[in-house]
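Participant: Okay, handing you the structure first.
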Amino acid sequence: FFGILRALSDALPSFQPTSFALALGSLLLIVVWQRTFAARPSQTQASGLRRTLQVIPGSIVALVVATLVAQSLSLPVETIGSKFGGIPSALPSFVWPEFSLEALKNLSMPIFTITLLGAIESLLCARIADGLIGDRHNPNQELMAQGVANFVTPFFGGMPATGTIARTVTNVKSGGRSPIAGMVHALTLLVVVWVAAPLANHVPLAALAAILMFVAWNMGEWHAFTDLKQFRAPYRITLLAVFLLTVMVDLTVAVEFGLFAACVTFIYRISNLSRIEQLSPVDTQALMGQDGRISAYRFYGALFFGAVKLVEAIEDHLPQKAVILDLKNIIYIDSSGADALMSLAHVCQKRQVRLLICGLNHQPMDIAKRTGLLALIGKDCQPDWATGLETALASENP
48 FFGILRALSD ALPSFQPTSF ALALGSLLLI VVWQRTFAAR PSQTQASGLR RTLQVIPGSI
108 VALVVATLVA QSLSLPVETI GSKFGGIPSA LPSFVWPEFS LEALKNLSMP IFTITLLGAI
168 ESLLCARIAD GLIGDRHNPN QELMAQGVAN FVTPFFGGMP ATGTIARTVT NVKSGGRSPI
228 AGMVHALTLL VVVWVAAPLA NHVPLAALAA ILMFVAWNMG EWHAFTDLKQ FRAPYRITLL
288 AVFLLTVMVD LTVAVEFGLF AACVTFIYRI SNLSRIEQLS PVDTQALMGQ DGRISAYRFY
348 GALFFGAVKL VEAIEDHLPQ KAVILDLKNI IYIDSSGADA LMSLAHVCQK RQVRLLICGL
408 NHQPMDIAKR TGLLALIGKD CQPDWATGLE TALASENP
């Protein structure tokens, strides 16, 4: 971002009014065309000519008109041919790359990085396309196709490629709604490279700049900023930070930060949702007269590393005879939570206090088996709260 600003400031002395006027005219033509002829659900009785014009994207119209104007008036503007020397019209040949163990060692980490970033960007691009067309993509199919393509193209001099947001949004804004749009895009590029390369040489760069400006503005989804008021501060900060990083640094860095911030926010919110309440005789009449002898606790949420303090607090207030833990409302226990329960069980054994755990769901029961907690407490693992309370009272009154 800052490099772009510096490049723009350095390029100010070479400002070309003709190119600027052509770019501005192309941009206005795209905007007017899209607003005038863009298909709308209410336009069911549109004339045949209007329906035909609705199919033609404004970017194509601007590209053709700008090229014709520049060539017919011999405008002093840079084109693809004058700037880059033209587009090669020959297809690349098959080349078997050199391979060695040393090259594999040096390339292993870059390969992993490019693969990971390519997958992230491609799935992000597909997710944005889903939101634009109201559909759902198949992520496995997306990554498999991308992997096969990136495996084959290097044999023809190609470089790793992914689905890109700019071209995808351009395709969608131009009416693309299915995988056929991507195929047409690829075939169009093939035709341009193979057949129409001499014609593409005359396309003004100013027209391409106007198309990119229009696409970039439509990619903004500016209404998302007005929706921020309905979200909490952590979400607002995350969205704004990702937005600024995308603009000022790079999309990859923004996604990495966004994932990290989302994980931290998720852990914080889940830890706040996890809670414990101590049951009293008011809640359960059977506990009447058991104060100091039997303690009962009911857990809610998830018992993970961010909430183990809930279990640790029980160790400081152990009763004389039994502790009952109702975990029916616990949906998830991680290894840290299981370790905290194991530690509580060992402390109870040392102080000769009976620990009863009740109502373990599928995942908590599974980790209790794998960590040895179930074997440690044995028959004191009860199916529900009522059975656990009855067992504790029976041990009090043999």
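Residues 48 to 445 in the numbering used here are what the sequence shown lists, from first letter to last. Virtual Cβ for every residue (Gly too), placed ideally from N, Cα, C. All values reported here derive from a predicted model rather than from experimental measurement.
Below 8 Å on the Cβ atoms is my guess for T200 versus G165; work out the distance and round it to an integer in Å.
Facilitator: As a position in the sequence shown, residue 200 is number 153, starting the count at 1. As a position in the sequence shown, residue 165 is number 118, starting the count at 1. In fact, because the Cβ distance is near 12 Å, the residues do not count as touching under 8 Å.
Participant: State the beta-bridge partners of G348 as determined by DSSP.
Facilitator: Reading the sequence shown from its first residue, position 301 is the one you call residue 348. G348 pairs with I377.
Participant: From D297 to M266, what does the alpha carbon distance come to, in whole angstroms?
Facilitator: Residue numbering aside, residue 297 sits at position 250 when the sequence shown is read from its first letter. Residue numbering aside, residue 266 sits at position 219 when the sequence shown is read from its first letter. Approximately 16 Å between the Cα atoms of the pair.
Participant: Suppose you measure from the CA of N319 to the CA of C310; what does that come to, to the nearest Å?
Facilitator: Taking the sequence shown and counting its residues from 1, the one referred to as residue 319 is at position 272. Taking the sequence shown and counting its residues from 1, the one referred to as residue 310 is at position 263. Distance between the alpha carbons of N319 and C310 is about 14 Å.
Participant: If you drop the 5 nearest sequence neighbours on each side, which residues of the same chain put their C-beta closer than 6 Å to that of R283?
Facilitator: As a position in the sequence shown, residue 283 is number 236, starting the count at 1. Excluding positions up to five away in sequence, the list reads L275.
Participant: Could you check what DSSP says for S89 in three-state terms: helix, strand or coil?
Facilitator: As a first step, residue 89 must be located in the sequence shown, where it is residue number 42. Bear in mind that the predicted position of S89 carries a pLDDT of just 46, short of 50, making it too unreliable to give a figure here.
Participant: For the beta strand (DSSP E) containing L275, list its first residue and its last residue.
Facilitator: Taking the sequence shown and counting its residues from 1, the one referred to as residue 275 is at position 228. Per DSSP, L275 belongs to no beta strand (DSSP E) and is neither H nor E.
Participant: Within the continuous beta strand (DSSP E) that includes E125, where are the two ends?
Facilitator: As a working note, residue 125 is residue 78 in the sequence shown. Careful: E125 lies outside any beta strand (DSSP E) and carries neither H nor E.
Participant: Closest to A176 by C-alpha separation, out of R345, S225 and P157, would be which residue?
Facilitator: As a working note, residue 176 is residue 129 in the sequence shown. Nearest C-alpha to A176: S225.
Participant: For a test of the three-state rule: what should DSSP assign to V400, helix, strand or coil?
Facilitator: Taking the first residue of the sequence shown as 1, we reach residue 400 at position 353. Coil.
Participant: Nearest-angstrom Cα distance between P104 and T235?
Facilitator: In the sequence shown, the residue the question calls residue 104 occupies position 57. In the sequence shown, the residue the question calls residue 235 occupies position 188. Cα to Cα, the separation comes out at about 15 Å.
Participant: What runs of the alpha helix (DSSP H), each 4 residues or longer, lie entirely inside the region 184 to 241?
Facilitator: As far as the region 184 to 241 is concerned, its whole alpha helix (DSSP H) runs of at least 4 residues are 186 to 199, 212 to 220 and 226 to 241.
Participant: Can you tell me which of the three DSSP states V355 falls into?
Facilitator: Position 308 of the sequence shown holds residue 355. It is coil, neither helix nor strand.
Participant: So A113 and A263 are supposed to be a Cβ contact under 8 Å. How far apart are they, rounded?
Facilitator: Counting from one through the sequence shown, the residue named residue 113 turns up at place 66. Counting from one through the sequence shown, the residue named residue 263 turns up at place 216. The pair is not a contact, with the Cβ atoms about 18 Å apart (cut-off 8 Å).
Participant: Can you give me the Cβ contacts of E168 inside the same chain, cut-off strictly under 6 Å, excluding the 5 residues immediately before and after it?
Facilitator: Counting from 1 along the sequence shown, the entry for residue 168 is found at position 121. For E168, where only same-chain residues beyond five positions count, the Cβ hits under 6 Å are T209.
Participant: Does DSSP put L30 in a helix, a strand or coil?
Facilitator: The displayed coordinates of the chain run from 48 to 445. Any statement about residue 30 would go beyond what the structure contains.
Participant: Comparing C-alpha positions only, which one of Q399, L388, G348 and G353 sits nearest to I377?
Facilitator: Taking the sequence shown and counting its residues from 1, one reaches residue 377 at position 330. Among Q399, L388, G348 and G353, the Cα nearest to that of I377 is on G348.
Participant: Alpha carbon to alpha carbon, what distance is there between G181 and D57?
Facilitator: Within the sequence shown, numbered from 1, the residue matching residue 57 stands at position 10. Within the sequence shown, numbered from 1, the residue matching residue 181 stands at position 134. Whole-angstrom Cα-Cα distance: 43 Å.
Participant: Following the continuous alpha helix (DSSP H) through E324, name the residue where it begins and the one where it ends.
Facilitator: Counting from one through the sequence shown, the residue named residue 324 turns up at place 277. Segment R322 to L326 is the beta strand (DSSP E) holding E324; no alpha helix (DSSP H) there.
Participant: Using the Cβ count rule (16 or more neighbours within 10 Å means buried), how would you classify S73?
Facilitator: Working through the sequence shown from its first residue, we reach residue 73 at position 26. Buried, by the Cβ-count rule.
Participant: Any idea what DSSP makes of I371, helix, strand or coil?
Facilitator: Numbered from 1 along the sequence shown, position 324 holds the residue referred to as residue 371. Looking at I371 - three-state DSSP - the assignment turns out to be strand.
Participant: Determine the closest residue to L334 out of S147, T438, L259 and L306, with distance taken between C-alpha atoms.
Facilitator: Counting from 1 along the sequence shown, the entry for residue 334 is found at position 287. It is T438.
Participant: Using CA coordinates, which residue listed in H393, R214, V370 and G353 is at the minimum distance from L436?
Facilitator: If you number the sequence shown from 1, residue 436 lands on position 389. That would be V370, whose Cα lies nearest to the Cα of L436.
Participant: By the three-class DSSP mapping on this structure, what secondary structure does I341 have?
Facilitator: By 1-based counting over the sequence shown, the position of residue 341 is 294. Here I341 sits in strand by DSSP.
Participant: Anyone know if the C-beta pair for F304 and L286 falls short of 8 Å?
Facilitator: As a working mapping, residue 304 is identified with position 257 in the sequence shown. As a working mapping, residue 286 is identified with position 239 in the sequence shown. No, they are not a contact pair.
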